[in-house]
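Reviewing the structure listed below.
Residue numbers (the working numbering): 744 to 1092.
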């Protein structure tokens, strides 16, 4: 082996080894760091506003952290207690059989006839769909309660991650330009392409957070109030479910208010059913169609199907932050691919 080849092979080996060890060291803190990056990007304008008036980076960073703490912990703590209570009541009602109205739906002659035809077509006759749905509802509810209880018991770990996140946010805000400058130096592209990638990250994070989270909150609030005024039990639970499902681009919030509308209509509650249908179409869904484009303002141009699978895959791989990381990784992949295609096209020209 020539000296040049030995040097190259040794360098590659050391880079891979040290890169792997670095990943193993940072891996326990990846989620806090990822959330810190997101919050740093979102709240950077707030930090710059404070820095402009206070002139001290440390003070501006600390005040920005306090704002983040108030925004996250206040509503989150309040909603967590309400959700745990409502989910517990929901499971208790299911176990007591007060959700037998679900079985009654399948006792309806028209519904029963449709179900029997479907069962006969796919070859699963003899199965009581109503009982099966009820049992699955109980299982899902018990699983949710177990996960929430486990989350509460693991509160110390969550608190530590939150502290690490705030610690990282502080330095990302204070030393953000230096971090960004170093990252730019390692990118093997020209200045125009570097700026393009950095803007892509910023735009994707901002559009996902503001275009996703803000819309989800508004839709959840509208749905929760609608369920409350219509006398449907556990309105906060349903509102939270609507907020979560709003991140899915295709079915989205309809997967919550749609079946509930059908349930009310089949039960003969036509006024409530039609009212919920109108609120769902003209209120909840219109928020997504009107408010999100205003917030995003054309920052991202990705097909709906690509966003759908990137969100699902991101959540499966990264956890809840995957609703940001999934589309972000996909957008960066497409951008880098386009850059290399332009470079290759320029070389062949």
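Backbone N, C-alpha and C define an ideal beta-carbon position, used for all residues, glycine too.
Asked, Found
"Considering just the uninterrupted stretch of the alpha helix (DSSP H) at residue 785, what are its terminal residues?", "773-797"
"By DSSP, does residue 951 sit in helix, in strand, or in coil?", "helix"
"Quick one: is residue 775 buried, meaning 16 or more other Cβ sit within 10 Å of its Cβ, or exposed?", "buried"
"By alpha-carbon positions, which one of 1052, 972 and 806 ends up nearest to residue 1015?", "972"
"Please state the DSSP three-state secondary structure of residue 932.", "coil"
"Measure the Cβ-Cβ separation of residue 795 and residue 917 and say whether it is below 8 Å.", "no"
"Taking the straight line between their C-alpha atoms, what separation do you get for residue 935 and residue 923?", "15 Å"
"Under a three-way DSSP split, which group does residue 962 fall into?", "helix"
"For residue 1024, report the span of its alpha helix (DSSP H) as first-last.", "That residue, residue 1024, is in no alpha helix (DSSP H); it is neither H nor E in DSSP."
"Using C-beta distances below 6 Å, list every residue in its chain close to residue 952, excluding the 5 sequence neighbours before and after it, in chain order.", "785"
"Secondary structure at residue 1015, three-state DSSP: helix, strand or coil?", "helix"
"I'd like the ranges of any alpha helix (DSSP H) spanning at least 4 consecutive residues and lying wholly in the segment 964-1013.", "978-988 and 997-1009"
"Can you give me the Cβ contacts of residue 1008 inside the same chain, cut-off strictly under 6 Å, excluding the 5 residues immediately before and after it?", "1016"
"Tell me, please, whether the segment 1054-1064 touches the segment 762-771 by the rule of three or more beta-carbon pairs shorter than 8 Å.", "no"
"Find the nearest neighbour of residue 966 within the set 1010, 927, 939 and 1001, judged by alpha-carbon distance.", "1001"
"Could you check what DSSP says for residue 922 in three-state terms: helix, strand or coil?", "helix"
"My guess is that residue 777 and residue 1068 are in contact by the Cβ rule of under 8 Å, so how many angstroms apart are they, rounded?", "7 Å"
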